[in-house]
Every structure is written in structure tokens, then in C-alpha cells.
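A short worksheet on the structure shown next.
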Amino acid sequence: MADTFKITLASKREKSVLRRHPWIFSRAIEKLDGEPKLGDTVEVYAKNGQWLARAAFSPHSQIRARVWTYEQNQQIDQSFFHQRIQTAYQSKSALINNSDALRVIAGESDGLPGLTVDLYKDILVCQFLAAGVEKHKADIVAALEQVFPQLAIYERSDVDVRQKEGLKPISGWLKAGAQTSTWINEAGSQILVDVEQGHKTGFYLDQRDNRLIAADYCKGKQVLNCFSYTGTFGLHALKAGAEHVTNLDVSQLALDTSAKIYQQNQLDESKYTHLNADVFKQLRQYKKQGQQFDCIILDPPKFAENKGQVIRACRGYKDINMLALQILKPGGFLLTFSCSGLIEADLFQKVVADAALDANVEAHIIEKLTQAKDHTVLLSYPEGFYLKGLVVQKR
Ligand code: SAH
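Quick note: the sequence shown uses my numbering, first residue 11, plus one each step.
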């Protein structure tokens with residue numbers, strides 16, 4: 011073959027590849043044959059000459075290569091992408107029976123490093139976050155068109171992580187659709203997803219299961235939904251019979267969308283409030299005013315983007331959890347989440363424990379929560395687990 015690029019790993023560095031972890035760090039590479047460019051396919055060998063894997067080369071990233079396959083006869087072409095997408099879609103659609111929206115591909119976890127594909131009823135939204143998937147974009151789009159012939163395809167690769175791969179932000183139609191927003195169904199409720207202006211790919215599918223679990227705790231309760239985005243925790247809470255929901259967010263666009271969604275679902279206007287406020291400040295304000303709630307949801311954005319931010323992130327989590335526990339009525343429930351993958355479940359639990367201590371509150375874990383079922387965790391890639399939640403009751 012004309013352009014065969016070859017990576018030889020340093021001694022003992024083959025172990026993680028043999029354990030099918032898809033990342034090859036630059037420091038694990040002893041020798042590089044040829045001059046592979048952004049996203050080119052490279053053959054990965056152990057120091058003893060054993061062929062290990064076929065991977066995509068990322069010249070600018072510390073993760074220098076991401077494995078496509080551990081099977082030597084598998085070529086990286088449209089049919090490869092078709093097979094991976096089809097398999098992931100079939101496995102996942104069998105898991106979800108209460109929505110027409112689904113995470114079809116979650117990057118490494120679904121064997122396609124750097125690719126996110128979310129299905130929102132009639133629109134697919136893709137993020138190409140690594141050099142390999144960027145290079146094969148045409149093949150991937152063609153494969154998606156084959157698996158989902160009826161659907162429009164929108165790209166939302168407008169995220170900072172692309173810089174690490176030497177890629178520029180980009181967004182727009184890959185296969186034109188009629189509109190950039192669509193109403194999806196989640197457990198019988200209609201939710202507007204704006205794939206052009208919404209966060210990430212438009213919506214937070216990873217909280218689907220938790221929103222319904224949370225709703226059960228909110229029946230007949232005064233609910234404070236912090237970091238509400240388009241209000242879906244609150245929506246399900248009201249549908250389940252919550253007395254009142256206050257949605258708190260700093261994005262006016264998200265709050266306006268939320269209000270539109272509540273109208274569409276014919277919720278009683280007297281039962282909800284939308285408040286544009288910073289959660290850190292507003293919780294302090296409630297405390298000062300002596301205002302309390304029966305049920306508080308804390309679903310903040312990712313506080314830790316890298317290892318250097320973990321300590322600061324923990325302080326942030328502790329602060330909001332402490333304040334929330336203080337303004338929670340005795341017997342009330344705190345549903346608290348962290349989507350920072352770098353903050354492991356044990357650490358998060360410790361932070362919430364510290365928060366309870368500082369709040370001088372006795373609190374008990376009732377349930378532990380995780381990401382929705384379609385956000386599967388590949389056993390050989392534990393990094394795919396990132397969303398943790400605790401349901402805590404105050405005594
Ligand atoms: N719970 C939501 C998803 C939350 S995403 C759902 O189920 O759909 C996090 C949200 O936090 C975003 O909408 C963002 O606008 C908001 N946000 C970020 N920092 C904030 C702050 N300091 N105060 C209030 N909202 C904030």
C-alpha cells in the first residue's frame with residue numbers, strides 16, 4: 011500500500027491497547043514511520059513487532075492516536091462507519107421506549123472516537139471532535155444517510171475541544187432540513203430542541219431518566235430547579251403533580267424556550283416561575299430571605315474541564331450544595347448532579363458530605379443516579395462514565 015503509516019509503541023505500552031483502551035498518548039510512542047497528517051490512518055505495533063490496532067492520527071493532541079479497530083482485516087471506509095452506526099443505533103433504540111430522541115453515537119464508547127451523534131426525531135446532530143472523524147466526515151455522513159434516509163443532518167462542531175486537535179469550529183447543515191428546531195417527545199411531553207442555537211447539540215439527553223426519577227420526588231412539592239436550561243426537570247415535575255416549580259438559569263434564551271415549552275404542554279401558568287439569575291447568588295438571596303423549598307435540583311454545567319480545574323470545581327459544587335441544603339425544608343429532597351468526568355463518584359459524594367457538614371445539616375443518600383441508558387459505558391473505556399447524581403434527604 012502506498013501510504014502506510016506506522017506507530018511503534020514503547021516497551022510495555024501495548025498493554026492498554028491490548029486491553030482495548032482506545033487512546034494512544036504521545037509519550038507511549040517510540041517510533042513513527044512516515045509523515046501522517048491530521049486524521050490519517052496509522053497501523054499500531056507493539057515493540058516486539060506484533061500488530062495491535064488501526065488508529066486515527068492526531069498530530070496536535072496529547073492523545074496522538076485514537077483506535078478505530080483491533081481487527082487487522084477491517085478497513086476504515088464507509089461500510090466500517092455504517093456498521094458501527096447501525097449496531098449502536100439498534101442496540102440503543104431497543105433500550106429507549108419513551109422518547110423519539112436518542113444519543114446514537116457517544117464517541118469512544120461506541121467505537122467512533124470523537125464523534126457525537128444525537129437523534130432528535132427528524133434531525134440528526136453531529137459533532138466531529140477529533141482529527142479522525144473530521145477526516146472521514148464524508149464517509150460518516152454517507153453512512154448516516156444510509157442508516158437514517160429520512161433525516162436531516164446538522165453539524166455542531168463549534169466547540170473548544172476541536173482546537174486541541176488543530177481543528178476550527180464549524181456548524182451548519184450537512185444534509186439540509188426544513189427547520190433548525192424540532193419538537194421531540196420525552197415521556198409524553200413535547201420539548202422544543204433548537205439544534206442551531208441550543209447548548210451542545212441542542213438538548214441534554216443524558217438526564218432523560220433522571221428527570222423522570224426526580225419528578226416522582228416532586229409530587230405536591232415546592233420545587234427549585236437550578237440550572238434549568240429549557241426547563242425539562244420542572245416540566246416533568248409539574249406533570250407528576252408538583253405544587254410549584256421555579257426554574258433558574260442565566261440564559262434568557264433557554265428560559266424563553268422553557269416558557270414556550272410549558273405553554274405547548276398546557277401547564278398551569280400559576281404553577282411555575284422563570285427566573286433569570288445566577289444560582290450562586292440566588293441561593294444566597296433565598297437564604298437571606300428565609301425562603302425554603304421541598305425539593306431542589308442542582309444540575310450545573312461541567313465545572314472541571316481539565317485536571318487543573320478539579321479543586322476549584324469541588325469548591326463550586328460544595329458551595330451550591332451547602333446553600334441548597336440550608337434552604338431545603340426538613341424532610342425535603344436535594345437532587346444533585348455533576349457531569350464533570352474528572353470528578354469521580356466517590357469524590358462527588360465526599361464534596362456533598364462536606365457541604366452537609368458546613369450547612370450543619372443531617373442528610374441521607376436515598377438513591378444514586380447516573381447517565382441515561384443510551385449513554386452506555388464501554389467496559390474497556392471507563393472514561394465514558396461521567397454523569398453522577400445523588401438524591402439526598404434532609405432530616
Ligand atoms: N438541567 C438541564 C440542563 C442544565 S445545563 C436539563 O435537564 O435540560 C446547565 C445550565 O446551567 C445551562 O442552561 C446554563 O445556561 C446554566 N448556567 C450556567 N451557569 C449558571 C449560573 N451560574 N447560574 C444559573 N445558571 C447557570
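Think of the CB as a built atom: it goes at the ideal place given N, C-alpha and C, for glycine as much as any other residue.
Between residue 270 and residue 202, the C-beta spacing is below 8 Å.
Contact annotation: the segment 79-91 touches the segment 149-157, with at least three C-beta pairs closer than 8 Å. DSSP places residue 275 in the coil class of the three-state scheme, outside both helix and strand. Rounded to whole angstroms, the Cβ separation of residue 212 and residue 205 is 4 Å, and the two are in contact under 8 Å. Apart from the 5 residues on each side of it in sequence, residue 157 sits with its Cβ closer than 8 Å to the Cβ of 92, 95, 96 and 99 in its chain, given in chain order.
Here the segment 173-192 makes no contact with the segment 347-360; the two share fewer than three CB pairs at distances below 8 Å. One Cα belongs to residue 103, the other to residue 234, and the distance between them is close to 32 Å.
For residue 232, the enclosing beta strand (DSSP E) starts and ends at 232-236. Straight-line spacing of the CA atoms in residue 371 and residue 228 works out to 21 Å. Here residue 42 is bridged, per DSSP, to 17. Residue ranges of uninterrupted alpha helix (DSSP H) with 4 or more members, entirely inside the segment 73-134 and ordered along the chain, are 88-103. DSSP places residue 192 in the strand class (E or B) of the three-state scheme. Here residue 194 is near residue 109, since their CB atoms are less than 8 Å apart. For residue 286, there is no enclosing alpha helix (DSSP H); the residue is part of the beta strand (DSSP E) that begins and ends at 282-286. Of all C-beta pairs linking the segment 371-386 to the segment 294-312, fewer than three are shorter than 8 Å, placing the two stretches out of contact. Under the 10 Å beta carbon count, residue 306 is surrounded by 16 or more other beta carbons and is classified as buried. A residue is called buried when at least 16 other Cβ atoms come within 10 angstroms of its Cβ; residue 59 does not meet this threshold and is exposed. For residue 67, the enclosing beta strand (DSSP E) begins and ends at 61-67. Here the segment 359-366 makes no contact with the segment 239-251; the two share fewer than three CB pairs at distances below 8 Å.
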